[in-house]
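Novice:
Protein chains: 2
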Amino acid sequence: MGAPVRVVLVDDHEMILAGLQAMLAGFAGRVRVVGQAGTGEEATRLVTALRPDVVLLDVRLGPESGLDLCRLLTGRVPEARVVFLSVYDDEQYVFEALRAGAGGYLLKRVDGPELVRRLEEVAQGETVVDPTLAGRMAVTAARLTRGEFWPGANRGLTQRESEVLSLLVGGLSNKAIAARLVLSEETVKSHLRALYRKLEVADRSAAIAVALREGLFR
Amino acid sequence: MGAPVRVVLVDDHEMILAGLQAMLAGFAGRVRVVGQAGTGEEATRLVTALRPDVVLLDVRLGPESGLDLCRLLTGRVPEARVVFLSVYDDEQYVFEALRAGAGGYLLKRVDGPELVRRLEEVAQGETVVDPTLAGRMAVTAARLTRGEFWPGANRGLTQRESEVLSLLVGGLSNKAIAARLVLSEETVKSHLRALYRKLEVADRSAAIAVALREGLFR
DNA sequence: GGACGCGTCCCCCGGCCGGGGGAGAGCGGG
DNA sequence: CCCGCTCTCCCCCGGCCGGGGGACGCGTCC
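As they're listed, the protein sequences go chains A and B.
Note that the numbering used here numbers the first sequence so that position 156 is 166, with each residue one more than the last.
Note that the numbering used here numbers the second sequence so that position 96 is 106, with each residue one more than the last.
Have a look at this one:
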């Protein structure tokens, strides 16, 4: 079995941190919490200093994005595996998390023994995804991984437009896209108008159809 | 919670059958083994007669193929969900199993409580895949699912609804769909409302996204 | 410095869309 | 024979969406 898995917890809710500590307390031989942080900045300092095996990270970190933090951490400390802990059981989130370099995506309803098992697996290089989500994803997966990261340039799409398009393909409304990208709805509409012109379509559903046909999505 | 999940066990090893029976014996209120079979022929007879919620199936059935049996069973008794139980933790097998209409793929190292939980999930329509496998699959994915059928996942769409959906996926507006099918626009809207309910989405773009994800377009 | 592209945000307006009610016809099974 | 399902069509209404105008700051390139 070897040494216990060294874990850093990151969540902006004190309660969650305490809960996780309690949950993991009974498994001292297998998992050891070596630090906890409430903000991205704290987390970055801790992780670079402690170089843990796993970082357990909430997707929403107050105003900050857990995804951005994940990208930062995996870039800076590649041997530390980032596992998201979230309440959102949406496949879309999982894909974004994995694309951001995450080593796992678990739902907050896991219990202690399962969490410990997952942490051990992830420390050994496995990628762990909540089983219910993973089941659905197994069927979806092929399509989404077929394209590369940002091949939107085929139609002269800008970076931002590609991002908007990928969310559009995910079936999100203008409002939802705005929320996801932290933008005004008007800005999203503005990008969409440009998108429709470039894709030579009249509305969002046709845009989705074209994007999928030409593989412009993510 | 409702009635216990009715399960039929299929394996060519007497020992495995006995083991499963013993494992599930302690959960009589949640899972009930209503039959067991050692061959594909036996299994087919049992399943068509008993119409269980779940069929727990070994991938290797002596000389016979569990996959073929799965295809047969899902074709003949669509409401019964087939879950494979295997020792092979190879992604390839999982994809083949899902393509054959399976509702799940678990490894023989599951313990009682987890197996029971999985059986309940699968009976409720979830697709369950062993977490370690599923994690890998999420990243590696594969090319196997491209445009394949998925018997278990038809959302009870009527003929007409499917036609409307396929045009919807093509990016057509209500008016265009009406013209193509020689219908009133109101009729199209009526079909769409039913479609949104069945796909559990709020609008056309989300419907397109779901349809493409789940491959229920024609 | 000026032109240009990009990203952000704002206004107005008309039309399409989604949700809530229906209704009537046909068809098959209990 | 009636029930349930499917398919067809209707009205109203509120909200979302798409298209037309912009504006401003920020970089880059010449």
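Note that CB positions come from ideal geometry on N, CA and C, so glycine has one too.
1) Check this for me: beta carbons of VAL93(A) and VAL132(A), under 8 Å apart or not?
2) According to the Cβ coordinates, are ALA144(B) and ALA144(A) closer than 8 Å?
3) Which of the three DSSP states, helix, strand or coil, is assigned to VAL65(B)?
4) Name, going along the chain, the residues of the stretch 173 to 192 of chain A whose beta-carbon falls closer than 8 Å to a beta-carbon of chain B.
5) Cα separation between SER75(B) and GLY122(B)?
6) Within its chain, find whatever has a CB closer than 8 Å to the CB of LEU167(B); leave out the 5 residues flanking it on each side and keep chain order.
7) Is the shortest distance between the beta-carbon of ASP213(B) and the beta-carbons of chain A less than 8 Å?
8) For a minimum of 4 consecutive residues, which ranges assigned as the alpha helix (DSSP H) are wholly contained in the stretch 77 to 132 of chain A?
9) Candidates GLU124(B), ARG119(B), ASP140(B) and VAL120(B): which alpha carbon is nearest GLY6(B)'s?
10) Would GLU196(B) pass as an interface residue toward chain A - the criterion being a Cβ-Cβ separation below 8 Å?
11) Once you ignore the five residues that flank VAL211(A) on each side, which residues in its own chain have a CB closer than 7 Å to its CB?
12) Helix, strand or coil: which one does DSSP assign to GLY45(B)?
13) So that I know if they touch, is there some Cβ in chain A lying closer than 8 Å to that of VAL41(B)?
14) Considering Cα atoms alone, identify which of MET33(B), ALA32(B), LEU66(B) and ALA35(B) is closest to GLY48(B).
15) Can you find a CB in chain B that lies within less than 8 Å of the CB of GLU136(A)?
16) Using CA coordinates, which residue listed in GLU196(B), VAL126(B) and GLU173(B) is at the minimum distance from ARG42(B)?
17) By DSSP, does LEU143(A) sit in helix, in strand, or in coil?
18) By the three-class DSSP mapping on this structure, what secondary structure does PRO161(B) have?
19) If you compare alpha carbons, which of LEU202(B), VAL64(B) and ARG86(B) is closest to TYR115(B)?
20) Please report the residue range of the alpha helix (DSSP H) in which LEU191(B) lies.
21) Spell out whether any CB of chain B is found under 8 Å from the CB atom of ALA110(A).
22) Just to confirm, is the Cβ distance from VAL15(B) to GLU136(B) under 8 Å?
23) Alpha carbons only, please: which of THR142(A), GLY50(A) and LEU178(A) is nearest the one belonging to LEU202(A)?
24) Tell me where the beta strand (DSSP E) around ARG40(A) begins and ends.
25) Please report the residue range of the alpha helix (DSSP H) in which VAL211(B) lies.
26) Spell out whether any CB of chain A is found under 8 Å from the CB atom of ALA216(B).
27) If contacts are defined as beta-carbon pairs under 8 Å, then VAL87(A) and LYS118(A) qualify, I think. What distance do you get, rounded to the angstrom?
28) Looking only at its own chain, which residues have a Cβ that is under 7 Å from the Cβ of GLY29(A), when we skip the five neighbours before and after it?
29) Is the shortest distance between the beta-carbon of SER200(B) and the beta-carbons of chain A less than 8 Å?
30) Residue range of the alpha helix (DSSP H) that LEU178(B) falls in?
Specialist: In this structure, then:
1) Position 83 of the first sequence, counted from the first residue, corresponds to residue 93(A). Position 122 of the first sequence, counted from the first residue, corresponds to residue 132(A). The answer is yes: Cβ separation under 8 Å.
2) Looking up residue 144(B) in the second sequence gives position 134. Looking up residue 144(A) in the first sequence gives position 134. Cβ distance < 8 Å, so ALA144(B) and ALA144(A) count as in contact.
3) Here residue 65(B) corresponds to residue number 55 of the second sequence, with the count starting at 1. DSSP places VAL65(B) in strand when its eight states are reduced to three.
4) LEU178, VAL179, GLY180, GLY181, LEU182 and SER183
5) On the second sequence, residue 75(B) is found 65 positions in, with the first residue counted as 1. On the second sequence, residue 122(B) is found 112 positions in, with the first residue counted as 1. Computed Cα separation, rounded: 26 Å.
6) The sequence position of residue 167(B) within the second sequence is 157, counting from 1. Excluding residues within five positions, the ones whose Cβ falls inside 8 Å are LEU175, LEU205, LYS208 and LEU226.
7) Here residue 213(B) is taken as the residue at index 203 of the second sequence, counted from 1. It does; some Cβ of chain A falls within 8 Å.
8) 101 to 109
9) Absent from the model: residue 6(B). The displayed extent of chain B is 11 to 228, so no value can be given.
10) Within the second sequence, residue 196(B) is the residue found at index 186, counting from 1. Not one chain A Cβ lies under 8 Å of GLU196(B).
11) For this step, residue 211(A) is matched to residue 201 along the first sequence. Answer for VAL211(A): ALA217 and VAL220, listed in chain order.
12) Numbered from 1 along the second sequence, position 35 holds the residue referred to as residue 45(B). Looking at GLY45(B) - three-state DSSP - the assignment turns out to be strand.
13) Start at 1 with the first residue of the second sequence, and residue 41(B) comes out as number 31. No, no contact with chain A.
14) Residue 48(B) sits at position 38 when you count from the first residue of the second sequence. For the residues MET33(B), ALA32(B), LEU66(B) and ALA35(B), the minimum Cα distance to GLY48(B) belongs to LEU66(B).
15) Looking up residue 136(A) in the first sequence gives position 126. True, the Cβ-Cβ gap to chain B drops below 8 Å.
16) Indexing the second sequence from 1 puts residue 42(B) at position 32. Minimum Cα distance to ARG42(B) is reached at VAL126(B).
17) Numbered from its first residue, the first sequence carries residue 143(A) at position 133. DSSP places LEU143(A) in helix when its eight states are reduced to three.
18) Translated into the one-based positions of the second sequence, residue 161(B) becomes position 151. Residue placement at PRO161(B) cannot be trusted, given a pLDDT of 31 that sits under 50; the coordinates are not used to answer.
19) To locate residue 115(B), count along the second sequence from 1; it is residue 105. The residue with the shortest Cα to Cα distance from TYR115(B) is VAL64(B).
20) Walking along the second sequence from the start, residue 191(B) turns up at place 181. Its alpha helix (DSSP H) spans residues 184 to 191.
21) As a first step, residue 110(A) must be located in the first sequence, where it is residue number 100. It does not: the Cβ of ALA110(A) has no partner Cβ on chain B nearer than 8 Å.
22) If you number the second sequence from 1, residue 15(B) lands on position 5. If you number the second sequence from 1, residue 136(B) lands on position 126. Result no, Cβ atoms of VAL15(B) and GLU136(B) do not sit closer than 8 Å.
23) As a first step, residue 202(A) must be located in the first sequence, where it is residue number 192. Comparing Cα positions, the closest option is LEU178(A).
24) Translated into the one-based positions of the first sequence, residue 40(A) becomes position 30. Per DSSP, ARG40(A) belongs to no beta strand (DSSP E) and is neither H nor E.
25) For the purposes of this step, residue 211(B) is taken as residue 201 along the second sequence, with counting starting at 1. Counting along the chain, VAL211(B) falls outside any alpha helix (DSSP H), and DSSP gives it neither H nor E.
26) Looking up residue 216(B) in the second sequence gives position 206. It does: the Cβ of ALA216(B) has a partner Cβ on chain A nearer than 8 Å.
27) Against the first sequence, residue 87(A) aligns to sequence position 77. Against the first sequence, residue 118(A) aligns to sequence position 108. Not a contact, Cβ separation roughly 24 Å.
28) In the first sequence, counting from the first residue as 1, residue 29(A) sits at position 19. Once the five neighbours on either side are set aside, GLY29(A) has no close Cβ partner at all.
29) Within the second sequence, numbered from 1, the residue matching residue 200(B) stands at position 190. No, SER200(B) does not count as interfacial toward chain A.
30) Sequence index remark: in the second sequence, residue 178(B) carries index 168 (1-based). Run containing LEU178(B): 169 to 179, per the alpha helix (DSSP H) assignment.
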